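Quick note: the sequence shown, position 254, residue 370 per the numbering used here, numbers continuous. Note that beta-carbon positions come from the ideal geometry of N, C-alpha and C, so glycine has one too. Quick caveat: nothing in here was measured; it's all calculated off a predicted structure.
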Amino acid sequence: MLESSAVRPLVFMPPELTRVPFAVYAHAEQHAAEQTRIFQGPTWNYLCLDAEVAEPGDYRTTFAGETPVVVVRDDDGEIYGFENRCAHRGALIALERAGRADSFQCVYHAWSYNRQGELTGVAFEHGVKGQGGMPASFCKEAHGPRPLRIAVFCGLVFGSFSDDVLPIEEYLGEEISQRIRRVLREPVQVIGRFTQALPNNWKLYVENVKDSYHASLLHLFFTTFELNRLSQRGGVIVDPSGAHHVSYSMIEPERAKDDSYKAQKLRSDTDDYRLKDPSLLAGFTEYDDGVTLQILSVFPGFVLQQIQNCLAVRQVLPKGVARTELNWTYLGYVSDTPEQRQVRLKQSNLIGPAGFISMEDGAVGGFVQRGIAGAHDAQAIVEMGGEDAASSEGRATEASVRGFWKAYRYYMAP
Ligand code: FES
Ligand SMILES: [Fe+2]
């Protein structure tokens, strides 16, 4: 008899947030349970931008966890989402990444769906010349693909398969909502996109995003060019559920370069590197709070980035236990001047595909996945900055990583 994944034993999570069993990144059963309990559970999955499905008929295909979904705007102006799986034999309904459609037709046996995901047509439903066809009892209304609940917040489109999910603003909480509003304060345009293939479990990347401790130690660019150092003013906000976070810092040119990194003899602090074109770092002030770097995450797999004038959203998609797809979408404001747009595009080279920072984050996830291959009974230590998952002004802490595991335990509880 087949055992349901819900009753299989899951990786034992110790009660203290400071320990993470390595098995949690490597077990297929755990991975399958995450799909149902987290990605199809009462969470909000980031799907796309409102601006990417601006007109009736505009659609995008994407994923909620590993589940393929379609997001489409109908004539009523509303955005609809449904599983991209034909009710007949399960083929993908929409094959393109994006497009415009009056309706959708599965290529396999030509069953059709409207933009709200309702099954509207079955080819040869009544047979051919009196032969074959579906039984009279077959009811198309009863066989649509699974619908997604859709919520749009600040131009971000989220979807959930659960009827029990909290309303989006309640899910995010006031502090996180306000920090999203800060960046997505006016209409945006997509100015570039790329996908990064990560050789590791999705959770290692989400932890990396929340890990304010690593940024200036791993990333030579951040430290050497003083974009992000732990000695800068800033802080970490962890929402009460632990699920979401914000890490922020401020470049203060008037403050002398501190020598705390020199004292630690860190690889990331060096006098050997100079930029041939320092204009890469030149930007303009656009927020009056002085925050030059704000990294924000929403559980389970959404990231909003403001690094100086480089704005982006990132979507974290698991692709099996040890592979993750990271979709980057770079943004500018519709109101940008050509000069501002140029600055955003130039700065995207620092964090994006031409720079070292995202490459390094992808590499370390792979180093962990390879490092733990023979140690599924061992645990990671997450004790920097204490044992809790609370907000703090210092960033030499793993508080938001512990927050992730607090939320993870909540959703994965057997
Ligand atoms: S699988 Fe889609 S119509 Fe048959
Ligand atoms: Fe990083």
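Report task. Report the residue from V306, L466, A144 whose alpha carbon sits nearest the alpha carbon of L343. Result -> Nearest of V306, L466, A144 to L343, Cα basis: L466.
Worksheet item: Just curious, the alpha helix (DSSP H) that S357 is in, first and last residue?
Response: In the DSSP assignment, S357 falls outside any alpha helix (DSSP H) and carries neither an H nor an E.
Inter-stretch contact (C-beta, 8 Å, three-pair minimum) for the stretch 208–224 and the stretch 263–281 | They do not touch, by the three-pair rule.
Exercise. For A217, is the beta carbon positioned less than 7 Å from some heavy atom of ligand 1?
Worked result: At a cut-off of 7 Å, the beta-carbon of A217 does not count as near ligand 1: no heavy atom of the ligand is closer than that.
*By Cβ distance, which residues of its chain are closer than 7 Å to H143, with the 5 residues on each side in sequence left out?*
Same-chain partners within the cutoff: V127.
Whose C-beta lies closer than 8 Å to the C-beta of R189 among residues of the same chain, with five residues either side of it excluded?
V169, A170, E171, P172, G173, D174, Y175, I195, Y196, R231
* Using a Cβ-Cβ distance under 8 Å, would F198 count as near chain D? -> The chain inventory of the structure shown lacks chain D, comprising one protein chain alone.
Q.
Rounded to whole angstroms, what is the Cα-Cα separation between E119 and S464?
A. Any reading at E119 needs caution, since the residue's pLDDT is 46, under 50, leaving its predicted position unreliable; the model's value is listed next. So the alpha carbons of these two residues sit roughly 47 Å apart.
Counting only runs of 4+ residues fully inside the stretch 297–366, write out the alpha helix (DSSP H) ranges in chain order. The stretch 297–366 contains these whole alpha helix (DSSP H) runs: 318–326, 331–334, 336–340.
Exercise. Relative to ligand 1, what is the chain-ordered list of residues with a Cβ closer than 5 Å to any of its non-hydrogen atoms?
Worked result: C202, H204, R205, A207, C222, Y224, H225, W227
Worksheet item: How about L133: is its Cβ closer than 7 Å to a heavy atom in ligand 2?
Response: no
Open item on the list: Please classify C255 as buried or exposed, where buried requires at least 16 neighbouring CB atoms within 10 angstroms.
Closed with: exposed
query: Between D385 and ligand 2, is the CB less than 7 Å from at least one heavy atom?
result: no
* Between Y446 and the rest of its own chain, which residues show a CB-CB distance below 6 Å, the 5 nearest in sequence each way excluded? -> I307, G308, A428, S464
**Study point:** Continuous beta strand (DSSP E) stretch holding S413: start and end
**Key:** 409–414
Task: L126 - DSSP class collapsed to helix/strand/coil - done: coil
Taking 8 Å as the cut-off, does the stretch 324–341 touch the stretch 410–427 (at least 3 CB pairs, one atom from each stretch)? yes
**Asked** How about S376 and S347: do their beta carbons lie closer than 8 Å?
**Response** yes
Between the Cα of L208 and those of A180, V484, V186, G289, spot the shortest distance and give me the residue it belongs to. V186
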